[in-house]
DNA sequence: CGTACTTCGTTGAACGCTCAATTTTCTCGG
DNA sequence: CCGAGAAAATTGAGCGTTCAACGAAGTACG
């Protein structure tokens, strides 16, 4: 172990342990709440939420994968399940024979609308209601700083048009 | 939808979208790196890391579940796999017939030591090297604020002794 | 002592995600 | 037009996590 590894200093280690604990518990809390009250995991809620915010409530599978930070495979499995629930409908894209369009159905919108208040309550209760307005800004800046590197990772290609239009207004 | 739900304001929504994106991508990057280079997911790395930091490299399953913020069931499955790899050994607890002790083997320690540099590099590259020292402190405070609520969630009982002793020094 | 209750850990089924093919369609250079 | 390569989406196997159920061992109280 004669390494040139730059280990975490005490401040960084403390922050990292808090971060890992916080993320584990928060994700678990969100998943438990949504699974119990709406019959879907957090990842599926985000798919419905993203679709709901876009004109026509329709997106190409590829774009939907990008804005939900999901692999195509993962999204394909997920949408297959959402379609079985009647919450999403798939149809071929007229402009590009390779693409598939995913559309939020009215049943899907209703499920999302029913789930949203409980979900937002959970997010507030466990995060934002514990933070000062200053800390909200700090959190955004910290995440953006990390994203400057993460968004360039293999397999993560930012979508020029669709992404921005949505992330400005989506509710999470 | 005539609700008294307090929706997220624009600042909160922006922070939340950044946070969700950052967490998804960071977790994915950590899992990919560890799976590729060390043959284990991040959750399993954390189990080995926690064991390695404790006197005797041994913990009761219950305590190990607590400090890794894992359910007992999840930990039980995980340790079963780690034991199959020869990285952890289980034996009955002499003090309490219900309990099981999990001990990090020397092979397990070696696997951890081999995995650590690459993992820390990944954490640095995608997070800490993008943050100012001030932001590191802000991140810790923000996570601690959220943990003040999350740590009290159902199923999460802080361990009086073992937990503190470890979280002061563990490397994540 | 014995009954009720709690704690500890495990198990199996169901489910979601990852990874590595595979198929279909589009694009581009010749 | 044709062939090579890229892009879009899907599929199935393997793995990790969740959830509910269970057995085994400790605790509290009459």
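Chains as they are written, first to last, in the working numbering: chain A, 1 to 172; chain B, 1001 to 1172.
Glycine residues also receive a C-beta, built at the ideal position from the N, C-alpha and C atoms.
If you draw a straight line from the Cα of residue 1017/B to the Cα of residue 70/A, it is about 14 Å long.
The beta carbon of residue 142/A falls within 8 Å of a beta carbon belonging to chain B, placing the residue at that interface. Beta-bridge annotation (DSSP): residue 92/A is paired with 100/A. Here the segment 104–118 of chain A makes contact with the segment 73–92 of chain A; the two share three or more CB pairs at distances below 8 Å.
Residue state for residue 1139/B is assigned as helix, using DSSP reduced to three classes.
Every alpha helix (DSSP H) stretch that sits fully inside the segment 34–62 of chain A and reaches 4 residues is listed by chain position as 42–52. A straight line joining the alpha-carbon of residue 1124/B with that of residue 141/A spans about 17 Å. Residue 150/A reaches chain B at 1022, 1025, 1026, 1029 and 1126, counting residues in chain order whose Cβ is nearer than 7 Å. For the pair residue 109/A and residue 53/A, the Cα-to-Cα distance works out to about 10 Å. Within the segment 1055–1068 of chain B, no residue places its CB atom closer than 7 Å to a CB of chain A.
Taken through DSSP and simplified to helix, strand or coil, residue 1071/B comes out as coil. Straight through space, the alpha carbons of residue 1095/B and residue 77/A are spaced by roughly 47 Å. In terms of Cβ geometry, residue 1146/B and residue 1038/B do not form a close pair [threshold 8 Å]. In this chain, the alpha helix (DSSP H) harbouring residue 1126/B covers 1106–1126.
Collapsing the DSSP output to three states places residue 1011/B in a helix. Look at the segment 80–102 of chain A: it has no residue with a C-beta under 8 Å from a C-beta of chain B.
For the 8 Å CB-CB criterion, residue 5/A and residue 61/A do not form a contact. The Cβ atoms of residue 1126/B and residue 90/A do not sit closer than 8 Å to each other.
By the beta-carbon neighbour count (other beta carbons within 10 angstroms, threshold 16), residue 12/A is buried. For residue 112/A against residue 48/A, the beta-carbon gap comes to about 4 Å, under 8 Å, which counts as contact. In this structure residue 1003/B is exposed. Its beta-carbon is surrounded by fewer than 16 other beta-carbon atoms within 10 angstroms.
With distances taken between CA atoms, residue 27/A lies nearest to 1020/B out of 1055/B, 1020/B, 1133/B and 1040/B.
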